[in-house]
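>
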Amino acid sequence: MRAKSPIARAAVHAILLAGSALFLFPLLWMISTSLKPVEETMLNPPRWIPSALHFENYLKAVTYGSTTLGYIPFVEYGKNTLLLCVLVVSGTVISNALIAYGFARLQWPGRNALFGVTLATMMVPFPVLMVPMFVLFRHLGWVGTFRPLWIPAWFGSAFNIFLLRQFFLTIPRELSDAAVVDGCSEFQVFRQIILPLSRPALAVVALFSFLYTWNDFIGPLIYLSDQRMFTLSLGLQFYQSQAGGTEWHLLMAAATMVVVPIIILFFFTQRTFIQGIALTGIKG
Amino acid sequence: MSRFGRRQLWAGLAFISPWLIGLGVFMLYPVVASLYYSFCDYSVLERAHPVGVANYRDLLHDQLYLKSLLNTLFYAALSIPLGLMLALALALLLNSGVRGLTVYRTIFFLPALMPMVALAVLWLWIFNGEYGVLNVFLARLGIHAPGWLTDPSWSKPALVLLSLWGMGQAMVIFLAGLQDVPVHLYEAADLDGASWWSKLRHVTLPMISPVLLFNGIMGIIGSLQFFAVPYIMTPNGQPARSAYFYAMYLYDNAFRYLRMGYASAMAWILFLLILALTLLSLRLASRYVHYEAG
C-alpha cells in the first residue's frame, strides 16, 4: 500500500526516522563507550560523545589482562573463529550442493521418500540432538577439539539441501541433457553446468553458514574446554566480571570487534542477504 | 532395471552419500538415542541404565522445571506477538513507497545480525543499574525506572524488550511478502473507495498470511529455545530464577549436573511442545491463511 498524500509521506518518514534513532542508538552507544577513557564510562548524566577518542582501548582489549581471569587471548579467538568459519562454510557448500544435485537432477528409486524424511528432520530441535551428539563425540575423543564444530558440516543439513534443491530444479533440463549427449559424466554436468548457474543460491548458503558459525555460542560452549581454543562469541563473556567491576569500555571495544566484521560483510553482500532471507520465508 | 536406471541409481547414491552418513549419524541416531536416554539414568561416566518413566515423572514434581517452563511460556507469549506486530508495522511503513527504503531496512535489520553474545553484553551495559543509559533516559522523562535485571518482575520484560530490537529477520520476510502483493488488488480496492484500514484488513493481511504463519512458527521455535542471551545476561536465571529458561535448565542438567537422561526427557517434552504449538498454528491457519492459486 502506498502513502499518497504529502502529509502521510511526511508522517511515515517521521516515524521511520524516530524508529531508526531508537534502533541505531544501542550500536552507537557501544562504539561511543568503546572509545572512552574509563572515568567517562561512569558518569551520571552520561557523556554521549567521548572527550577524546581513545583508540588504544581496542589495543588494550586484545591484550586484556583481567585481575580475576588472567590474560584473554582475543587474537587467538579471532583466528579460531576464522578457521572454523572456513572449514564449516566450505563443507556446507560442497556437501549440500552434491546432495541437493542428487535429489534434484537424478531419478532413483526411494528418492522422494528420502527427501520427505530429510524435510521432516528440520522439525527436530537442537536440544534433542545435543546429549547423544555429546556422548558420541566423547566416545570418539573429539570433545575439547574443533572437530565436533566443523566435521558435521561436511555431511549435509536438511535446510540447505532443501534450499539448493529448489534452486537446482529451476535450471532447465535441456542444458544437462545436451551435456550428457555430448558425453559429459554426471559429475561434469554438476561441476560445469549446475554449479556456475547456481552462484546466487550457493552464496546464500555460504553466507548463512558463515554467520551461523561466527555467532554460534552453544556449540563452542559444549565442546570447547581449553580457554585458548575458544571462539570470539564464547570468549567475549570473559570481559564481563560476575563479581562486578566490569571494565565496560574494554568489553564494548571487544564486542565492537566481534560485530563490525559481520556488519562489513553485510554491506558488501546486502542483496544476496536480503534475498536469501526473503527466500527462506516465502518458499519455506 | 534399465542400464540408464542403474546408472542414475548409482550416480544418485554417490551424490547423496554424504547425507546418508549425515542423516544417520548426526540425526537419526541421536534422535533414537535421545529417546532411549530419556528413559534412563545416565551420567555419561557410567553406562545408561533404564529407569522407565521415572525422569518424566520426576519432571512433573520438579519445581525448578515448572518454573523454567512457565518463564519460557511467559517470554514466548510476550515476545512472539509483540515482535510480529513491530516487524509487520515496520515492514508496512517501509512498503509505503517511502524514499530511502534500503537505508531504513538496513538500520532495522542490523541488530538481527549481531552475535547473541555481543547483543547480550551490550544490553547488560544499557540496562546497568548504576550507569545504564536506559534508566538515565527514563529518569529524564520523569519515569522512575526499575532495576531491569535485578528486579524479578522486570527481568523477563527486559529480555522481551531486547528481543524486539532483534526482530529484523521477521521484518525482512514480511517486507518481501508485502512486495509480492499484486498492485491491482489495491487499485481495485481504491476504486471501491476502501479506507487504509479496510485495505490492510481485507487485502494486505490475507495476502501475506502465509508469511505471517511462517514468522509465527519461527518465533515459536526460537523463543522456546531461548538460551544464549539469558545465559549471559541473567546467569542462573537471577534474580530469583525469574529469568531461568527451559533451555538453560536443560543445559545445566546435561552438562553441569551430568543428568543426561533427565535432560533428554526435557528435550523430548520441548520437542513435543514445539510440535504441538506448530500443529496448532497450522490448524488455526487452515481457517485463515490464504494461499494464492498457482
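Protein chains in written order, with our numbering: chain E, 3 to 286; chain R, 4 to 297. Every residue, glycine too, gets a C-beta built ideally from N, C-alpha and C.
Going by the DSSP bridge assignment, what does E:Y73 pair with across the sheet?
E:G67
> According to DSSP, simplified to helix, strand and coil, what is E:P111?
For E:P111, the secondary structure class from DSSP, reduced to helix, strand or coil, is coil.
> Closest Cβ-Cβ distance between E:V182 and chain R: below 8 Å?
no
> Taking contact to mean 3 or more Cβ pairs, one atom from each stretch, closer than 8 Å, check whether the region 58-65 of chain R and the region 279-289 of chain R are in contact.
The region 58-65 of chain R is not in contact with the region 279-289 of chain R.
> Just to confirm my understanding: we take E:A155, look at its own chain, exclude 5 residues before and 5 after, and list those with CB closer than 6 Å. What are they?
V90, G93 and T94
> Rounding to the nearest angstrom, what Cα-Cα distance links E:A106 and E:F192 in this structure?
The alpha-carbon atoms of E:A106 and E:F192 are separated by roughly 11 Å.
> If you measure between the beta carbons of R:S2 and R:N74, is that distance less than 8 Å?
Limits of chain R in this structure are 4 at one end and 297 at the other, which puts residue 2 of chain R out of reach.
> Would you say R:G240 faces chain E, with C-beta separation under 8 Å as the test?
no
> Tell me where the alpha helix (DSSP H) around E:P8 begins and ends.
P8 to S36
> Can you say whether R:L227 is buried or exposed, counting buried as having 16 or more other CB atoms within 10 angstroms of its CB?
Label assigned to R:L227: buried.
> By the three-class DSSP mapping on this structure, what secondary structure does E:D228 have?
Judged by DSSP in its simplified three-state form, E:D228 adopts coil rather than helix or strand.
> What residues of chain R sit near E:H15, judged by a beta carbon separation below 7 Å?
The answer, in chain order, is V101.
> Considering only the alpha carbon of each residue, which of E:S159, E:A208 and E:I196 lies closest to E:A122?
Closest option to E:A122, judged by alpha-carbon separation, among E:S159, E:A208 and E:I196: E:S159.
> According to DSSP, is R:G149 part of a helix, a strand, or is it coil?
Note that residue 149 of chain R corresponds to Pro in the displayed sequence, not to Gly. In this structure, R:P149 counts as coil in the three-state DSSP scheme.
> Terminal residues of the continuous alpha helix (DSSP H) containing R:R259?
Segment: none, R:R259 is in no alpha helix (DSSP H) and carries neither H nor E.
> Report the three-state DSSP secondary structure of E:C87 (helix, strand or coil).
helix
> With R:Q182 as the anchor, note down where its alpha helix (DSSP H) starts and where it stops.
G171 to Q182
> Does the beta-carbon of E:A280 have 16 or more other beta-carbons within 10 angstroms, so that it is buried, or is it exposed?
buried
> Against chain E, with Cβ distances strictly below 8 Å, would R:M30 count as a contact?
yes
> In the DSSP assignment, the alpha helix (DSSP H) including R:H187 goes from what residue to what residue?
V186 to L194
> Could you tell me the alpha carbon to alpha carbon distance between E:L267 and R:L81, rounded to whole angstroms?
Going by the C-alpha atoms only, they are around 32 Å apart.
> List the whole-angstrom C-beta distance separating R:L253 from E:P129, where the pair is believed to meet the contact cut-off of C-beta under 8 Å.
5 Å
> Along the region 79-104 of chain E, where does the CB come closer than 8 Å to a CB of chain R? Name the residues.
S97, L100, I101, Y103 and G104
> Straight-line CA distance for R:Y132 to R:K159?
Contrary to the premise, residue 132 of chain R reads as Gly rather than Tyr in this sequence. Cα-Cα distance, rounded: 16 Å.
> On a Cα-Cα basis, can you pick out the residue from R:P209, R:S201 and R:Q172 that is closest to R:P185?
R:P209
> List the residues of chain R whose Cβ lies closer than 9 Å to the Cβ of E:I51, in chain order.
Chain R residues near E:I51: none, gap ~13 Å exceeds 9 Å.
> R:M269 to R:S156, Cα distance in whole Å?
Approximately 26 Å, taken between the alpha carbons.
> Note down, in chain order, every chain E residue with its Cβ under 9 Å from the Cβ of R:S158.
Result: empty, since nearest Cβ-Cβ is about 16 Å, beyond 9 Å.
> Please classify E:A180 as buried or exposed, where buried requires at least 16 neighbouring CB atoms within 10 angstroms.
exposed
> Kindly list the residues whose CB is nearer than 8 Å to the CB of R:G103, restricted to its own chain and excluding five residues on each side of it in sequence; keep chain order.
none
> Run down chain E in chain order and give the residues with a C-beta less than 8 Å from the C-beta of R:M119.
N217, F219 and S235
> Apart from the five residues on each side of it in sequence, which residues of its chain come closer than 7 Å, Cβ to Cβ, to E:V119?
none
> Looking only at its own chain, which residues have a Cβ that is under 7 Å from the Cβ of E:N59, when we skip the five neighbours before and after it?
Hits under 7 Å: S36, L37, H251, L252 and A255.
> Going by other Cβ atoms of all chains shown within 10 Å of its Cβ, with 16 needed for buried, is R:R262 buried or exposed?
buried
> Run through DSSP, which three-state label would R:G297 get?
Residue confidence for R:G297 is low, a pLDDT of 44 falling below 50, so the modelled location carries little weight; the figure read from the coordinates is stated next. In the three-state reduction of the DSSP assignment, R:G297 falls in the coil class, being assigned neither a helical nor a strand state.
> Counting only Cβ-Cβ distances shorter than 8 Å, please list the residues of the region 250-262 of chain E near chain R, keeping chain order.
W250, L253, M254, A257, V260 and V261
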